[in-house]
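**Student:** Take this structure, written in structure tokens, and hold onto it; I'll ask about it next.
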Amino acid sequence: MLVPPSLEVFSCFVFYGVLLVVKMYVIAIITGQVRLRNKAFANPEDALRHGGLRFHREDLYVERCRRAHINDLENILPFLFLGSIYSMTAPSLAVARLHFLVFFAARVLHSVAYLCALPAPTRSLAYTVGQVPCVSMAVQILVAVAAYA
Amino acid sequence: MLVPPSLEVFSCFVFYGVLLVVKMYVIAIITGQVRLRNKAFANPEDALRHGGLRFHREDLYVERCRRAHINDLENILPFLFLGSIYSMTAPSLAVARLHFLVFFAARVLHSVAYLCALPAPTRSLAYTVGQVPCVSMAVQILVAVAAYA
Amino acid sequence: MLVPPSLEVFSCFVFYGVLLVVKMYVIAIITGQVRLRNKAFANPEDALRHGGLRFHREDLYVERCRRAHINDLENILPFLFLGSIYSMTAPSLAVARLHFLVFFAARVLHSVAYLCALPAPTRSLAYTVGQVPCVSMAVQILVAVAAYA
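Protein chains in written order, with this note's numbering: chain C, 305 to 453; chain S, 305 to 453; chain D, 305 to 453.
Here you go:
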């Protein structure tokens, strides 16, 4: 059964959730800076403003930043949902914080591994470790609400 | 006016919402498995680990998985928002469950149609059917909060 | 500290949040219509239904719609999280509405600038203006929950 979340657990979730949103914003800023530095723009109107249509082109590192960002969309955004509902399953603060902290650390490492092109399987490992608390939360939520399906 | 959601309606929403998040995770896992089997990696560091830089390449089926996943981001993530707020508009459990169930079934069919490349318009039809409860929820929410805009 | 949101602030957030979700749906509809009109399909099964496999191809304007949509995923979806939590930081209605309204207006302008290919830096400016209330909300939330990290 879902219950109102404790202030401690929910605030802990919110803290790491907001930091991860900020982390996503940082990737967007990096992408924009790389576009300007490498002169590689996705839109002709941007290229025109920054030197000409020949800069309407793809760039390997911009594409890497894009993949890092989209992987964040695929994983951090579902975490924001799972974490808020998981807070309603009356977890202990210590266990809940462990879930949030492992996901947070794994996603920060994932971004670093992606942007710095660290040797495989660093990035995949970070992704997999980050999925563990997510699957754990998903299972606990499903157990909590299964009677209402 | 928005009111605290009934436990029954909210739990029913959470049940299908979490299942859809798990469904998205499954697509990510399939994508990774296809990358390994077809030897097609988005990053040179992954290709290097799995046979060499010549496997840093695109694959038609990997791209199909990617499109299925991104379509999920575009539709399932907004559903997670709409469904949680719609639960606060005091819907009857039967009507609310119908909204959630139709969306859930449509999105599962959408994924199957995408990954199996079922003949058109199966996938588009699944997408459209899935949008009906979403638009219905959006309209009911806007009616409920319009006085506060 | 987070507190239950006031009905006025939360409803105001929900109003603009749902309108932005609807705005994203409109971009999806436009993308589909452009695919049909320009005969450019991402999947062979769709092309087969609409004239033949030669229409399984990319289209410059379809790709532009896709970029507009993905930029929305990157910015509107995090706003839905930030706005709902920010409503729990006891902001005044006037200040909260200003945050939501600025983001809403900026994102509508962003979409118009993208789809109409308005001269740079209109779109980038709209993006940047939209990020201001988001960063402001993120900071206020972090201040509110920092004690619970």
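Think of the CB as a built atom: it goes at the ideal place given N, C-alpha and C, for glycine as much as any other residue. Source: prediction; values computed, not measured.
With a cut-off of 8 Å, do at least 3 Cβ pairs link the region 368-385 of chain C to the region 410-423 of chain C?
**Tutor:** yes
**Student:** For a contact meaning CB atoms closer than 8 Å, what does R371(D) contact in chain C?
**Tutor:** Those within 8 Å of R371(D) in chain C are A346, N347.
**Student:** Is the shortest distance between the beta-carbon of E362(S) and the beta-carbons of chain D less than 8 Å?
**Tutor:** no
**Student:** T426(D) lies in the alpha helix (DSSP H); which residues open and close that run?
**Tutor:** 426-449
**Student:** Can you give the Cα-Cα distance for D350(D) and A424(S), rounded to whole angstroms?
**Tutor:** 6 Å
**Student:** Under the assumption that L357(S) contacts M441(S) (Cβ atoms under 8 Å), give the Cβ distance between them as a whole number of angstroms.
**Tutor:** Contact between L357(S) and M441(S) fails: their C-beta atoms lie close to 48 Å from each other, not under 8 Å.
**Student:** Between T393(S) and Q435(S), is the Cβ-Cβ spacing less than 8 Å?
**Tutor:** no
**Student:** The alpha helix (DSSP H) spanning R358(D) covers which residue range?
**Tutor:** First-last for R358(D): undefined, no H or E at that position.
**Student:** Please report whether the beta-carbon of M328(D) lies at a distance below 8 Å from any beta-carbon of chain S.
**Tutor:** yes
**Student:** Please go through the region 329-395 of chain C and give each complete alpha helix (DSSP H) segment of 4 or more residues, from N-terminal end onward.
**Tutor:** 348-353, 364-390
**Student:** Please say whether S391(S) and F314(S) have beta carbons closer to each other than 8 Å?
**Tutor:** In this structure, S391(S) lies closer than 8 Å to F314(S) by Cβ.
**Student:** Checking contacts by CB at 8 Å: is F404(C) closer than that to chain S?
**Tutor:** no
**Student:** Looking at chain S, is there any beta carbon in it that lies within less than 8 Å of the beta carbon of A332(D)?
**Tutor:** yes
**Student:** Evaluate contact between the region 398-406 of chain D and the region 399-407 of chain S, counting only Cβ atoms and requiring at least three cross-stretch pairs below 8 Å.
**Tutor:** no
**Student:** Roughly how many whole angstroms lie between the Cα atoms of E362(D) and V307(D)?
**Tutor:** 49 Å
**Student:** Tell me the residue span of the alpha helix (DSSP H) that contains S415(S).
**Tutor:** 397-419
**Student:** Give the interface partners of V325(S) over in chain C, defined as CB-CB distance under 7 Å, in chain order.
**Tutor:** P382, F385, L386, A442
**Student:** Name the chain C residues that come within less than 8 Å of F319(S), Cβ to Cβ?
**Tutor:** L446, V449, A450, Y452, A453
**Student:** Below 7 Å CB to CB, which residues in the same chain sit around I380(S) once its five sequence neighbours on both sides are set aside?
**Tutor:** Answer for I380(S): L324, M328, R411, listed in chain order.
**Student:** For V307(D), which of helix, strand or coil comes out of DSSP?
**Tutor:** coil
**Student:** In whole angstroms, what is the alpha-carbon distance linking F383(D) and R341(C)?
**Tutor:** 28 Å
**Student:** Going by DSSP in three states, L422(D) sits in which element: helix, strand or coil?
**Tutor:** The answer is coil: DSSP assigns L422(D) none of H, G, I, E or B.
**Student:** Quick check: the Cα distance between C369(D) and Q337(D), rounded to an integer number of angstroms?
**Tutor:** 11 Å
**Student:** Could you tell me the alpha carbon to alpha carbon distance between P437(S) and F407(C), rounded to whole angstroms?
**Tutor:** 32 Å
**Student:** If we count the other Cβ atoms within 10 Å of its Cβ and call it buried at 16 or more, is G321(C) buried or exposed?
**Tutor:** buried
**Student:** Which value, in whole angstroms, describes the spacing of the CA atoms of F319(C) and L446(D)?
**Tutor:** 6 Å
**Student:** For a contact defined as C-beta to C-beta under 9 Å, what are the partners of L306(S) on chain D?
**Tutor:** Residues of chain D passing the Cβ test: L311, F314, S315, V318.
**Student:** Please name the residue, chosen from G355(C), A346(C), C420(C), Y431(C), that lies closest to A409(C) on a Cα-to-Cα basis.
**Tutor:** With respect to the C-alpha of A409(C), the residue from G355(C), A346(C), C420(C), Y431(C) having the closest C-alpha is Y431(C).
**Student:** Sort Y452(C), A450(C), V449(C), A421(C) by Cα distance to L352(S) and report the nearest one.
**Tutor:** A421(C)
**Student:** Hey, is L419(S)'s beta-carbon within less than 8 Å of any beta-carbon in chain C?
**Tutor:** no
**Student:** Which residues in the same chain have their Cβ closer than 6 Å to the Cβ of F317(S), if we skip the five residues on either side of it in sequence?
**Tutor:** G387, S391, F404
**Student:** What residues in its chain sit with their C-beta under 8 Å from that of E312(C), if we drop five residues either side in the sequence?
**Tutor:** L397
**Student:** 8 Å is my cut-off, CB to CB: does L340(D) come that close to chain S?
**Tutor:** no
**Student:** Let's test the definition: count the other Cβ atoms within 10 Å of the Cβ of I333(D) and tell me whether it reaches 16, buried, or not, exposed.
**Tutor:** exposed
**Student:** Is P437(S) close to chain D? Criterion is C-beta to C-beta, closer than 8 Å.
**Tutor:** no
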